[in-house]
Amino acid sequence: MGGKTGDFEAVRQDIIKLLHQPEYDDGSAGPVLVRLAWHSAGTYDAETDTGGSNGAGMRYEAEGGDPANADLWTLAGVVAIKEMGGPEIPWLGGRTDYVDDSKLPPRGRLPDGAKGADHLRWIFYRMGFNDQEIVALSGAHNLGRCHSDRSGFEGQWVNNPTRFSNQYFRLMLSMQWKKKTLKNGVEQFVNYDEDSGTELMMLPTDIALTQDKAFIKYVELYARDKEAFFAAFTKVFAKLIELGITRDADGNITNSDNELGGYHA
Ligand code: DDH
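Have a look at this one:
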């Protein structure tokens, strides 16, 4: 069986049913599923060809901890983005849940929100992304929130964090962001929004996008042109979830660690 989307229609429907969670955060499991897809893929290192979503390495203590499935994590991400009003992102299956544990990525390959533009480039160039792609990917922070018990940061980037849009870029430019030190000593940027009565936040890495000549061009573009952002995000998220994967013309993965190769149910 190849990596074709049609095989997974029933799984898509099951994911959609799971998204609505009235008791959880803003009523949707969507944002955290998008983050799961990103973390499963964002460990990729182009130079050593290690990490990435294939192999579901995040199940292992060395990389993460969640017992789940490599395809499911990335599929849940793209289904959640679409259900929250975002673009339809091309997705192919066929990742295996087998990885040679000597090839698990070391810790510390994901970005640290307390840092700046140099750190963003160091992390994302390693995966093979350029400046434009770094900005487009960061637009995922239209979704969800920070939890002080998880990352130390607290709050949400936009007023409606379960609706995919370019609001994150618009607010980044239109508001006055002030540095705030939280009770736990963590520094982030905040702005009190009078319309909604909520305090919105930005990570230092988000604000870094406005302080760098190359990055800010794309922040401005995506703030004024939602279609341009959706098109760029579609392309870059599709690239993210294919990092480290090579396929033949039928969509079968050809560089699987599993000697059986490709998808096996
Ligand atoms: Fe992110 N992210 N992310 N992020 N992210 C957090 C939450 C979410 C960084 C740090 C954090 C991407 C890039 C970066 C999502 C998607 C994506 C939190 C808060 C931190 C911290 C976690 C918590 O406390 O619960 C940093 C730094 C970067 C960067 O350097 C660019 C990317 C590329 C994506 C993506 O999906 C393409 C999403 C969604 C969330 C909200 C999760 C939730 O529970 O809600």
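Take the position in the sequence shown, starting the count at 1, then add 1161; the result is the number in this note's numbering.
Don't be surprised by glycine CBs; every beta carbon is placed ideally from N, CA and C.
query                                                                                                                                                                        : result
Return yes when at least one heavy atom of the ligand DDH lies under 8 angstroms from the C-beta of V1319, else no.                                                          : no
To the nearest angstrom, how far is the alpha carbon of Y1379 from that of R1256?                                                                                            : 32 angstroms
CB-CB under 7 angstroms to M1336, same chain, minus the five flanking residues each way: which ones, in chain order?                                                         : N1352
Using alpha carbons as the reference points, say which of G1216, H1308, L1233, Y1286 lies closest to D1261.                                                                  : G1216
With a threshold of 6 angstroms on Cβ separation, who are the neighbours of S1326 within its own chain once the five nearest residues in sequence on each side are excluded? : N1303
On the three-pair Cβ rule with 8 angstroms, is the region 1244-1258 touching the region 1395-1414?                                                                           : yes
Rounded C-beta distance between A1171 and S1201? I'm assuming under 8 angstroms.                                                                                             : 21 angstroms between Cβ atoms; not a contact.
Taking only the alpha-carbon atoms, compute the straight-line gap between V1347 and G1213 and give it to the nearest angstrom.                                               : 29 angstroms
Compute the minimum distance between the beta carbon of R1306 and the heavy atoms of the ligand DDH, and state whether it is under 8 angstroms.                              : yes
Check each candidate in W1234, Q1174, T1211 and name the one with the smallest Cα separation from P1192.                                                                     : W1234
Going straight from the alpha carbon of D1227 to that of L1364, what length do you get?                                                                                      : Caution is warranted here: a pLDDT of 47 is assigned to D1227, below 50, making its placement in the model unreliable, and the coordinate value is therefore given only provisionally. If you take the alpha carbons of D1227 and L1364, they lie about 26 angstroms apart.
Let's test the definition: count the other Cβ atoms within 10 Å of the Cβ of E1315 and tell me whether it reaches 16, buried, or not, exposed.                               : buried
Pull up the distance between the alpha-carbon of L1271 and that of E1355, whole angstroms please.                                                                            : 34 angstroms
Given the structure, does S1183 come close to the ligand DDH, in the sense that its CB is under 8 angstroms from one of the ligand's heavy atoms?                            : The identity of residue 1183 in the sequence shown is Pro, whereas the question assumes Ser. No, the ligand DDH has no heavy atom inside 8 angstroms of this Cβ.
Mind reading off the beta-carbon distance from F1350 to W1338? Whole number of angstroms is fine, and I expect it under 8 angstroms.                                         : 4 angstroms
For Y1185, list the residues DSSP reports as bridge partners.                                                                                                                : Paired residue(s): none; Y1185 is not in a bridge.
Is the Cβ-Cβ distance between V1240 and Y1383 less than 9 angstroms?                                                                                                         : no
Does the Cβ-Cβ distance between A1369 and G1277 come in under 9 angstroms?                                                                                                   : yes
Short of 6 angstroms in beta carbon distance, which residues of its chain neighbour T1204, apart from the five on each side in sequence? Order them along the chain.         : G1212, P1266, R1270
Please determine whether the Cβ atom of D1273 lies at a distance below 8 angstroms from any heavy atom of the ligand DDH.                                                    : yes
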